[in-house]
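Trainee: The structure that follows is given in the form of structure tokens.
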Amino acid sequence: MPDAARSRQFLVPLIVACALFMENLDSTVVSTSLPAIARSFGENPLRLNLAITSYLLALGIFIPLSGWAADRFGARTVFGSAIIVFTLGSIACSTVNNLPEFVLARILQGAGGAMMVPVGRLVILRTIPKHDLVNAMAWLTVPALLGPMLGPPVGGFISTYGSWRWIFLINIPIGLLGLALAFTFIENIKEERKERFDSLGFAIVSIGLAATMFGFENVGRGILPNVAVAALLGGGILFLLLYYRHTRVTAAPIIDIKLLRVPTFRASVLGGFIFRMGIGALPFLTPMMLQLGFGLTPFASGMITFAGAAGAITMKFTAGPIIRRFGYRKVLLFNTGICALFMACYGLFTPTTPHLVIILTLLVGGFFRSLQFTSINTLAYSDIDLPVMSRATTLSSVAQQLSLSFGVGVGALVLHLTLVMHDREHLTAADFGPAYYAIAVLGLMSLFYFVPLKANAGDEVSGRIRPLDAINKGAVEVPQVAD
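Residue numbers for the sequence shown follow numbering that gives the first Met the number 0, so the first one is 0 and each next one is one higher.
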């Protein structure tokens, strides 16, 4: 392989990973700094939840547009534009002086983040050969776990010892660097789409996703009335069902559900959806348990939860050999059980548990969760052809974002039910155990989609069979997804 091509295959995942790290870090830093922002605005901290939900609404609206835009204008153009929009949104967030301005700035940020995540993944899929995909995609798993772990200590430190406005200003140098590297090393690959833009489908699915994500984000929070939350969830699910009906009569829907006919993609998207629902609750539950249950400061809590990110980084160097040695099916089956076990173990922590024990448990658990993410993310595209890769990344990104919102909703709901059962208004350390046990069981349910996988599923991507060998042996079957 020429040196230039080899360098590009190494740099492109790093460039995309840096952009995704910026987006993931920002999301969690904001949550930690909301009380400080509320004080400066003279607002009730609960009202600042609008800053989070407005971001989620923007994700729900713009993620479905990402694949079509990448095909129409080129992945590099859209990815670079997304970085610009996100950075401009960050600058706007740092200058606002009231809640309405802050909400508008967060919507702008969300529009950039919605395009940055799926298109960044598409850039890698169109640049990296399938047999090198595991190592490349492992870089994307690290920021996905590192951002939520770094967010609390960074946000707590900046809000405590400086101005909350700096949590947005730190995105500027990262954004400028990512933009320069993207336009230097990433090719602007396009896929010609002859069909018309599915404007009706875009409107239906965007409303459905935004309402559903907004609803689940507020489950068990006590911010919106239960009737409003139920109306959001019911309306969102209704619109998603309408969109499903729309796909049955539309030749080229903006989100192509027919891709779920591919067994490996179906296992990754649907099995991954259920598994991420459990994992999605962890960044919500663990800081609350450490702060409200154990009485730790936000900074101390963040420093402990950072251990999970360290485990994720360790995985970067071992995921490829593990998947290549055992294959996707075995890794997913055994690793799902291991991840569920660790999630259940978190529910056994008490205020007297030594911090070293908590840190080591989070460290090892972070390793196995990261291995699971890398396996799911790379298996998804093992049997997807390049012409429909953008549609696959769009559907996968929608499912991932929905699952994370659902996970937070499940965690909050279990906590709320625990309080109701014990007739209490305030959380104690003992109230978090049932929530961890619930998400552990939820994670195990993903096995229903991993068990039917063939033993040689994803062998070309894992490196167990090289591309030419896979074709000669008939190990790779590419199902047809067209009507």
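The beta-carbon is built from N, C-alpha and C at its ideal position, and this holds for glycine as well.
1) Does the distance from the CB of glycine 177 to the CB of serine 389 come in under 8 Å?
2) Among the candidates Leu149, Ser26, Ile185, whose CA atom is the shortest distance from the CA of isoleucine 127?
3) Thinking C-beta only, is glycine 346 closer than 8 Å to tyrosine 435?
4) Since phenylalanine 264 contacts aspartate 382 with CB under 8 Å, what's their CB separation in whole angstroms?
5) Look at the Cβ atom of phenylalanine 101, then the Cβ atom of alanine 18, and state whether they are nearer than 8 Å.
6) Isoleucine 166: which of Gly111, Met21, Pro63, Val77 sits nearest, CA to CA?
7) Under 6 Å Cβ to Cβ from leucine 64, same chain only, skipping five residues before and after it: list those, please.
8) Using alpha carbons as the reference points, say which of Asp70, Ala428, Gly88 lies closest to threonine 351.
9) Let me confirm a value: methionine 302 is counted as buried when at least 16 other C-beta atoms fall within 10 Å, else exposed. Which label applies?
10) Using a threshold of 8 Å, state whether the C-beta atoms of glycine 406 and arginine 275 are closer than that.
11) Specify the secondary structure class of serine 26 as computed by DSSP and reduced to three states.
12) With distance defined between alpha-carbon atoms, name the residue in Leu33, Ile254, Ala104 nearest to isoleucine 157.
13) Taking leucine 139 as the reference, give the member of Phe272, Arg120, Gly155, Val153 with the closest Cα.
14) I need the straight-line Cα distance from asparagine 187 to alanine 68, nearest angstrom please.
15) Near serine 56, what residues of its chain come up, given a Cβ to Cβ distance below 8 Å and the 5 sequence neighbours on each side ignored?
16) Would you be able to state if there are at least three C-beta pairs under 8 Å between the segment 252–266 and the segment 414–433?
17) Just mark histidine 245 as buried or exposed, buried being the case when its beta carbon has 16 or more other beta carbons within 10 Å.
18) Express the C-alpha separation of isoleucine 438 and valine 226 in angstroms, rounding to a whole number.
19) What is the rounded straight-line gap between the Cα of serine 402 and the Cα of isoleucine 236?
20) Exposed or buried, glycine 432, counting other C-beta atoms within 10 Å across all chains shown (16 or more means buried)?
21) Taking 8 Å as the cut-off, does the segment 68–81 touch the segment 197–208 (at least 3 CB pairs, one atom from each stretch)?
22) Taking 8 Å as the threshold (C-beta atoms), are valine 133 and alanine 266 in contact?
23) Closest to isoleucine 203 by C-alpha separation, out of Gly234, Ala230, Asn217, would be which residue?
24) Out of Asp384, Arg368, Met287, Ala398, point me to the one whose CA is closest to leucine 239's CA.
25) Work out the CA separation of tyrosine 243 and threonine 249 for me, nearest whole Å.
26) Would methionine 314 and alanine 135 qualify as a contact pair, given that the criterion is a beta-carbon distance under 8 Å?
27) Whole angstroms are fine: how far does the CA of methionine 420 sit from the CA of alanine 181?
28) CB-CB under 6 Å to cysteine 92, same chain, minus the five flanking residues each way: which ones, in chain order?
29) Look at the alpha carbon of leucine 378 and the alpha carbon of alanine 456, and state the distance between them as a whole number of angstroms.
30) With 8 Å as the threshold, decide whether the Cβ of proline 172 is near any Cβ in chain C.
31) Does DSSP classify alanine 379 as helix, strand or coil?
Mentor: So, from the data block:
1) no
2) Ile185
3) yes
4) 7 Å
5) no
6) Each of Gly111, Met21, Pro63, Val77 was checked against the Cα of isoleucine 166, and the nearest Cα belongs to Met21.
7) Hits under 6 Å: none found.
8) Ala428
9) buried
10) yes
11) helix
12) Leu33
13) Arg120
14) 12 Å
15) Checking the sequence, you will find leucine at residue 56 rather than serine. The residues are Ile106, Gly109, Ala209, Met212, Phe213.
16) no
17) buried
18) 25 Å
19) 14 Å
20) buried
21) no
22) no
23) Of the listed residues, the one whose Cα sits closest to isoleucine 203 is Gly234.
24) It is Ala398 whose Cα lies nearest to the Cα of leucine 239.
25) Rounded to the nearest angstrom, the two C-alpha atoms are 10 Å apart.
26) no
27) Spanning the two alpha carbons is a distance of roughly 53 Å.
28) Ala104, Phe167
29) 8 Å
30) Within the model displayed, chain C is absent; a lone protein chain is all it includes.
31) coil
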